[in-house]
Amino acid sequence: MTQDEHKEGIKGMVNPGRYGIERVAYWLMRLSGLGLLAYFIGHIYETSNILRGQVGWTEFLELTQTTEGHAILAIVIAMCVFHTVNGIRVMLGHGGIGVGKPARPDYPYDPASQNYRHKIGIYSAIVLAAVAMMYGLAVMFGE
Amino acid sequence: MAQVSGIADEQTSTPLSSSNTILLRISRFNPEHDDSSQFMEFTVPYERWTTVLEAILDVKKHFDHSVAVRYSCRQATCGSCGMMINGKPRLACFTKISELNSNVVTVEPMNNFPIIRDLAVKFERLFDTHQKIKPYLIRDDSELVSDEREFLQSPEEVEQYIQFANCIKCGLCNSACPTMATDSSFVGPQALAQAYRYVADSRDKGKDSRLKIIDDSHGIWRCHFAGSCSQVCPKGVDPAMGIQLLRGYLLGFRS
Amino acid sequence: MRESTIMKIHYGTALAAVALVAVHILMRLTQGFAESLEYESVLANYKFIPYAAMLELILILLAVHGFNGLRVILLELKQGRSYEKAVSYGCLAAMIALIAYGSRTIIMTNMGMV
Amino acid sequence: MVESLEFDLIICGSGLAGLRAAIAAAKKGPNLKIGVVSKVQVMRSHSVSAEGGTAAVLFEEEGDTIESHVYDTVKGSDFLADQDVAERLCVEMPQEIHQLDHWGMPWSRRPDGRIDQRNFGGYSFPRATYASDKVGFFEMQTLYDTCQKFENIEYLNEWFVSSIIHDGKKFMGVTAIELSSGTFYTIKGKALIIATGGAGRLYSFSTYALSSTPDGLDMGLRAGMALKDMEFVQFHPTGILPSGILITEGARGEGGYLLNNKGERFMKTYAAGKMELAPRDIVSRSIMTEIQEGRGFKHETGVDCMKLDLRHLGDEKIKEKLGGIREISIKFSGIDPADDLLDIRPVCHYMMGGLHTNIDGATEIQGVWAAGEAACNSVHGSNRLGANSTSECIVWGKITGELAAEYAMNNTSSNPWPHHLVSAEEKRIYDGIFRGNGDVNPYEIRQQLTDTMNEKAYVYRNETNLVEGLKKIRELKKQTWKHVDDKAKEYNTNFSNVMELDSMFRVAEIVLLGAINRKESRGAHARTDYTKRDDANFLHHTLAYYDPNEPIMKTYPVTITKYQPVERKY
Ligand SMILES: Cc1cc2nc3c(=O)[nH]c(=O)nc-3n(C[C@H](O)[C@H](O)[C@H](O)COP(=O)(O)OP(=O)(O)OC[C@H]3O[C@@H](n4cnc5c(N)ncnc54)[C@H](O)[C@@H]3O)c2cc1C
Ligand code: HEM
Ligand code: SF4
Ligand code: F3S
Ligand code: FES
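Protein chains in written order, with this note's numbering: chain E, 10 to 152; chain W, 3 to 257; chain S, 2 to 115; chain A, 2 to 571.
Written out as structure tokens, the structure is:
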């Protein structure tokens, strides 16, 4: 970013620790969205191999059915679950649901929008993502 | 007559018996002359109640007259003294050194605002976006005609918007917001919260025109409910709440 | 298009996708992960018209959602008239290209053109 | 070549008075080019700190009357107010409250939806209109936001105005420095409104914003206008320790008690009828008397103080009606008023004096008006009642805004621009101050000056102290503080700080001289060596004119319409 505008730039997001879990969620949402998009494009390409017939398909499948491939898939699962659960939370928030009611603020000012409901939403998104990832790993490596 | 000198050393609270000191690191930068910013370090005494602003003014007074810093009310109502204090945007006059729990206090100009010099930053964009969202009651009879009285409004109706009316335009929220960190066209939490303040006022009839203004490619949709704005706001405005409630209108959740 | 319309589509596609992606993934799991990826079973899936239609729908929904998401991120990263135009049209083009490419797979497999 | 700008109407100062004037002028003359010039960013003006209320008669059907408001004001002023002016204030005020409401002011409301009012010192009816305890802040917000509607108002944020340019009779323009770039400008204009606020930073223990210095008053003084009644400085009874930040009179209006170290509500000895809600001068004197007679407390900083008790109001009422001071006392003093007593002490709070104007706010120079605290149209006489000042700012903001706009529309300046005056001013501030030499720290001089004022011209005064104070100030003035160590042009607050200090000397001298000359006790001016009011010799205003050697002191008659002075008792 140009010095004269003094914008914090992307590095401002790399350090989400300052602003609590909501900021972490923001950052994960972006990452997972982009990750999923990348996977999605890859997935479309992957499936297009079916047009190359049984041999082509199996060939390509073997390329992905490796330990790295499974690890990537596990991350994708985690991203997908997090993005979905957090996405639903964010959508509710964006609709004005669960963000608290306007009221006279009293010192020390605790912002009502940064409430436990949304924090629970974020934590459960993370936990669910982790669980799903484990489950995926178990399924993929368990065989 | 009792002596008053001593307590209210003007602009700074005089260290009486202060044995506590901290290292104050001030970011110095004059874009007209310097290539990059540099920190200058000062050891300053403080008391339980000494604020960061007082410490900076202490430096300005006794060590280096040239520190550029904006201040006025020293009681967190004018919105002048926003700056990065130990990495977070805060009001210097509303942050006590003792509550930072650190022997080193680092002050830098607020992020996402162009620097004029040292700690003083340009506010033109904030003022412009504030004006853009039409921050006034929109209705035909807003100019009083001789004998009219007030528009009636119940205490409950006041409650609907009073929180947002507490905004002191300090810009801390704009400085903390992640969208602001890269998007210089984003209207920003300050202006969006004010848009909600007027929309939520039972006396206002300008909802539609305001919604139109913020429904723009760098408008309200560029907020992702990151919440940092609300976490740094020194006045409990909670812009994040206002923005989401406002978006509720655009999404058809509220009318 | 109004930004609010675009974003309504963004949320709408996301919501619709939740359900459909769930079905899509559950199919993988109910059939057993490895088996489900067997050439025959995949092909059979594609030939089953309701499922193929669902895949097509997912394809469109997620492409729209994903590339709009990308557009949003890019818009916020950098500003400027020509840049923003390029981002908007670029994302739209990529979206269309991806849908076309994916549809080709679905349609051709479904019609047995493999 | 000096950079130059041009407006039809220049408004110097952007507090309540300045912004109200801008709106009035913009409405009156939609084609006028109006420039609001302020040394702080426009909405950061000191007025945002006003807490308690704005006085107006709103409920005549419930027993209040304009007449009563006028009389309370005149009595509060210890009969030094010009009574026609006080009447103007009270008559104009109700519709201003309603106008503010129409512009979006978040007034606190009664259950029936009408605007609420609270009790305030010296009034015989609760008529302090309030919005929580942030009245000034919300009024500033409402005015600033409303200003955004008008396209013909331009804002010069952080421009320090240094002098007024006129041809001896008629206004022509001002000189100013743009702080961000350090550029010296002339701003030409047909009319000027001075709304530069009070000068309370003359005192080190003060409720004022740090920017409330007398440079605006001094500018007028140097341009040949008189300062009126400067010896009357209001000390608010309840400045919180150690910062001096104000605890609004609303705290007592809502029922707070003042306690001495015997735990007594000592106001019963001094004003049994009104107790804590007697006018400020009386309450401040009572506190100082209690302290002197050994019934005070010592704050941990070693300063004498008294206690303010709000505990019985209860947490909920404090939060609802006094949220701002709750924040202030928890944050700055570490005390929650719902649990504990607050340490308070009389604190410099308001300047009754200011630039001498007539009832319309017109000054002695054609084309220049003054409004707000910077002006002295004598509405407050020797003691202002709480909540009457924001009222004054609004009413005379509007009056002067309209009159100045009208004047700017009907006048064209024809005289040649006085370049020599601009060069002289440039010389004064650049050669005299910016490039000045010396080794005395101007900030320490400022501290000593303000401490001196605090010690020598506080609540109680006497000849010895005042004369000593004057001597001390003149000594300080001679030292070599007139230099600016910061040599950069950009955002050089060192430069503006020294210019502020320069103005402080001239105005402090006038405050002290006025106080020495007024050998009586009246309103906020309490002399221990002349304890009685002396209407025979001193029922007049004080005027002070600039002279390079020593101010020229004169007197000016008081306008008395209906109310003959009587003894002031509460
Ligand atoms: C803490 C506190 C609480 C108060 N509470 C109340 C209350 O409850 N009720 C009530 O009625 N009154 C109250 N008052 C008094 C009232 O607030 C003030 O009298 C009033 O706000 C003054 O407003 P103003 O418009 O005259 O000037 P200010 O608001 O003081 O503004 C002065 C303006 O002039 C500008 N200026 C000054 N010098 C220059 C220069 N050289 N060049 C350019 N610009 C310059 C400043 O930047 C500023 O914009 C209170 C005062 C204090 C200190
Ligand atoms: C199926 C469930 C999904 C839901 C409920 C969902 C929901 C959302 C929501 C609500 C947003 C907006 C976030 C904001 O404005 O702050 C978003 C953004 C985004 N989504 Fe999804 N999404 C889903 C799946 C996907 C998938 C599969 C992809 C990849 C193709 C994707 C890619 C993106 C991208 C790139 C963004 C932009 C990132 C951002 O703005 O933070 N999403 N999603
Ligand atoms: S919303 Fe809060 S942080 Fe933002 S400008 Fe207003 S007061 Fe400051
Ligand atoms: S930090 Fe920014 S993203 Fe939204 S909730 Fe606040 S405006
Ligand atoms: S100085 Fe006014 S907010 Fe800090």
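Every residue, glycine too, gets a C-beta built ideally from N, C-alpha and C.
Notebook entry, point to check: How is Trp160 of chain A classed by DSSP in three states: helix, strand or coil?
Noted result: Counting from one through the fourth sequence, the residue named residue 160 of chain A turns up at place 159. Three-state DSSP puts Trp160 of chain A in a strand.
Checklist line | Residue range of the unbroken alpha helix (DSSP H) whose run includes Met276 of chain A | finding: The residue given as residue 276 of chain A occupies position 275 in the fourth sequence. Looking at the DSSP string, Met276 of chain A is not in any alpha helix (DSSP H), and its letter there is neither H nor E.
Check: Would you say Cys394 of chain A touches ligand 2, meaning its beta carbon is less than 7 Å from a heavy atom?
Finding: As a first step, residue 394 of chain A is located in the fourth sequence; it is residue number 393 there, counting from the start. The answer is no for Cys394 of chain A.
Check: Would you call the CB atoms of Ser50 of chain A and Ser15 of chain A closer than 8 Å?
Finding: For the purposes of this step, residue 50 of chain A is taken as the residue at position 49 of the fourth sequence. For the purposes of this step, residue 15 of chain A is taken as the residue at position 14 of the fourth sequence. In terms of Cβ geometry, Ser50 of chain A and Ser15 of chain A do not form a close pair [threshold 8 Å].
Next item on the list: Can you pull the chain C residues whose beta carbon is under 9 Å from the beta carbon of Tyr35 of chain E, in chain order?
Entry: The structure shown contains no chain C; its protein chains are E, W, S and A.
Next item on the list: Reducing DSSP to helix, strand and coil, say where Ala489 of chain A ends up.
Entry: Counting from 1 along the fourth sequence, the entry for residue 489 of chain A is found at position 488. If DSSP states are grouped into helix, strand and coil, Ala489 of chain A belongs with coil.
Check: Cβ of Ile170 of chain W versus every heavy atom of ligand 3: is any distance shorter than 7 Å?
Finding: Residue mapping note: residue 170 of chain W aligns to position 168 of the second sequence, counting from 1. Ligand 3 has a heavy atom closer than 7 Å to the beta-carbon of Ile170 of chain W.
Check: Relative to chain A, which residues along the segment 109-129 of chain W have a C-beta separation below 7 Å, given in chain order?
Finding: Within the segment 109-129 of chain W, the qualifying residues are Ile118, Arg119, Ala122, Phe125.
Next item on the list: Flag this pair as yes or no: are the beta carbons of Pro116 of chain W and Val109 of chain W separated by less than 8 Å?
Entry: Along the second sequence, read from residue 1 onward, the residue named residue 116 of chain W stands at position 114. Along the second sequence, read from residue 1 onward, the residue named residue 109 of chain W stands at position 107. Not closer than 8 Å, so no.
Item checked: Beta-bridge partners of Ala122 of chain W, as assigned by DSSP -> Here residue 122 of chain W is taken as the residue at index 120 of the second sequence, counted from 1. Note: Ala122 of chain W sits in a beta bridge opposite W:Arg119.
Next item on the list: Please determine, among A:Gly433, A:Arg447, A:Val380, the residue with the shortest C-alpha to C-alpha distance to Gln84 of chain A.
Entry: Position 83 of the fourth sequence, counted from the start, is the residue given in the question as residue 84 of chain A. Cα-wise, what sits closest to Gln84 of chain A is A:Val380.
Note to self: Within 10 Å of its beta-carbon, does Glu551 of chain A have 16 or more other beta-carbons around it, so buried, or fewer, so exposed?
What the structure shows: Within the fourth sequence, the letter at position 550 stands for residue 551 of chain A. Taking all protein chains in view, the Cβ of Glu551 of chain A is surrounded by fewer than 16 other Cβ atoms within 10 Å, so the residue is classified as exposed.
Notebook entry, point to check: My guess is that Arg205 of chain W and Glu491 of chain A are in contact by the Cβ rule of under 8 Å, so how many angstroms apart are they, rounded?
Noted result: Numbered from 1 along the second sequence, position 203 holds the residue referred to as residue 205 of chain W. Numbered from 1 along the fourth sequence, position 490 holds the residue referred to as residue 491 of chain A. Contact flag wrong, Cβ pair sits at about 43 Å.
Note to self: Buried or exposed, going by whether 16 or more other CB atoms sit within 10 Å of the CB of Gly13 of chain S?
What the structure shows: Residue numbering aside, residue 13 of chain S sits at position 12 when the third sequence is read from its first letter. Of the residues assessed, Gly13 of chain S falls on the exposed side of the cut-off, its CB having fewer than 16 other CB atoms within 10 angstroms.
Item checked: Contact set between Met243 of chain W and chain E, taken where Cβ atoms lie within less than 8 Å -> For this step, residue 243 of chain W is matched to residue 241 along the second sequence. Correct list: Val108, Gly109, Pro111, Pro120, Ala121, Ser122.
Next item on the list: Measure the C-alpha to C-alpha separation of Leu278 of chain A and Lys9 of chain S and round it to an integer number of angstroms.
Entry: Counting from one through the fourth sequence, the residue named residue 278 of chain A turns up at place 277. Counting from one through the third sequence, the residue named residue 9 of chain S turns up at place 8. Straight-line Cα distance between these residues: approximately 58 Å.
Item checked: Whole-number beta carbon distance between Thr562 of chain A and His542 of chain A, since they are thought to touch under 8 Å -> Counted from its first residue, the fourth sequence places residue 542 of chain A at position 541. Counted from its first residue, the fourth sequence places residue 562 of chain A at position 561. Taking the Cβ atoms as the reference, His542 of chain A lies roughly 16 Å from Thr562 of chain A, outside the contact range of under 8 Å.
Check: His542 of chain A CB to nearest chain W CB: under 8 Å?
Finding: Taking the fourth sequence and counting its residues from 1, the one referred to as residue 542 of chain A is at position 541. For His542 of chain A, no CB of chain W lies under 8 Å from its own CB, so it is not counted at the interface with that chain.
Note to self: Going by DSSP in three states, Leu18 of chain W sits in which element: helix, strand or coil?
What the structure shows: Here residue 18 of chain W corresponds to residue number 16 of the second sequence, with the count starting at 1. Because Leu18 of chain W carries a pLDDT of 48, less than 50, the predicted location of this residue cannot be relied on, and no value is offered for it.
Check: Considering only the beta carbon of each residue, do Phe227 of chain W and Arg199 of chain W sit closer than 8 Å?
Finding: If you number the second sequence from 1, residue 227 of chain W lands on position 225. If you number the second sequence from 1, residue 199 of chain W lands on position 197. Contact flag unset, no.
Check: Going by the C-beta, is Thr451 of chain A closer than 7 Å to any heavy atom of ligand 4?
Finding: Locating residue 451 of chain A in the fourth sequence gives position 450, where the first residue counts as 1. Not under cutoff, so the answer is no.
Notebook entry, point to check: Name the residues in the segment 78-102 of chain E whose C-beta lies less than 7 Å from a C-beta of chain S; which are they?
Noted result: Correct list: Thr93, Gly96, Met100.
Next item on the list: Could you check if Gly64 of chain A is buried or exposed, using at least 16 other CB atoms within 10 Å of its CB as the buried criterion?
Entry: In the fourth sequence, the residue the question calls residue 64 of chain A occupies position 63. Around the C-beta of Gly64 of chain A, fewer than 16 other C-beta atoms lie within 10 Å, and the residue is accordingly described as exposed.
Notebook entry, point to check: Under three-state DSSP, which class holds Trp370 of chain A?
Noted result: The count along the fourth sequence starts at 1 and reaches residue 370 of chain A at position 369. Trp370 of chain A falls in the strand class under three-state DSSP.
Notebook entry, point to check: Looking only at its own chain, which residues have a Cβ that is under 7 Å from the Cβ of Leu1 of chain S, when we skip the five neighbours before and after it?
Noted result: What the structure shows of chain S is the stretch from 2 to 115, and residue 1 of chain S is not part of that stretch, so it cannot be assessed.
Check: So does Ala242 of chain W have its beta carbon nearer than 7 Å to some heavy atom of ligand 4?
Finding: Working through the second sequence from its first residue, we reach residue 242 of chain W at position 240. Answer for Ala242 of chain W: yes, Cβ within range of ligand 4.
Check: Just how far apart, CA to CA, sit Ser133 of chain A and Arg113 of chain E?
Finding: Indexing the fourth sequence from 1 puts residue 133 of chain A at position 132. Indexing the first sequence from 1 puts residue 113 of chain E at position 104. So the alpha carbons of these two residues sit roughly 10 Å apart.
Margin query: Against chain S, with Cβ distances strictly below 8 Å, would Asp217 of chain W count as a contact?
Written below: Along the second sequence, read from residue 1 onward, the residue named residue 217 of chain W stands at position 215. At least one chain S Cβ lies under 8 Å of Asp217 of chain W.
Item checked: DSSP-derived helix/strand/coil call for Ile116 of chain A -> Counting from one through the fourth sequence, the residue named residue 116 of chain A turns up at place 115. The DSSP-derived three-state label of Ile116 of chain A is strand.
Item checked: Best match in A:Asp117, A:Pro338, A:Ser164, A:Met173 for proximity to Glu152 of chain W [C-alpha to C-alpha] -> As a working mapping, residue 152 of chain W is identified with position 150 in the second sequence. The shortest C-alpha separation from Glu152 of chain W is found at A:Asp117.
Item checked: Nearest candidate by alpha-carbon position, reference Gln142 of chain A, set W:Phe125, W:Leu247, W:Trp51, W:Gln196 -> Numbered from 1 along the fourth sequence, position 141 holds the residue referred to as residue 142 of chain A. Looking only at W:Phe125, W:Leu247, W:Trp51, W:Gln196, the smallest Cα-Cα distance to Gln142 of chain A is reached by W:Gln196.
Margin query: Here's the rule I'm using: 16 or more other beta-carbon atoms within 10 Å means buried, otherwise exposed. How should Phe49 of chain S be labelled?
Written below: Walking along the third sequence from the start, residue 49 of chain S turns up at place 48. So Phe49 of chain S ends up on the exposed side.
Item checked: Simplified DSSP state of Thr55 of chain A, which is helix, strand or coil -> The residue you call residue 55 of chain A lines up with position 54 of the fourth sequence. Of the three classes helix, strand and coil, the one that applies to Thr55 of chain A here is strand, per DSSP.
Notebook entry, point to check: Is the segment 327-344 of chain A close to the segment 207-225 of chain A, with three or more CB pairs under 8 Å?
Noted result: As far as the Cβ criterion goes, the segment 327-344 of chain A does not touch the segment 207-225 of chain A, which means the pair count is below three.
Next item on the list: Could you pull the start and end residues of the alpha helix (DSSP H) that Cys92 of chain S belongs to?
Entry: Stepping through the third sequence from its first residue, residue 92 of chain S is reached at position 91. Element bounds for Cys92 of chain S: 82-111.
Next item on the list: Select from the segment 21-32 of chain E all residues with a C-beta closer than 7 Å to any C-beta belonging to chain W, and list them in chain order.
Entry: Within the segment 21-32 of chain E, the residues whose Cβ lies closer than 7 Å to some Cβ of chain W are Gly21, Met22, Arg27, Tyr28, Gly29, Glu31, Arg32, listed in chain order.
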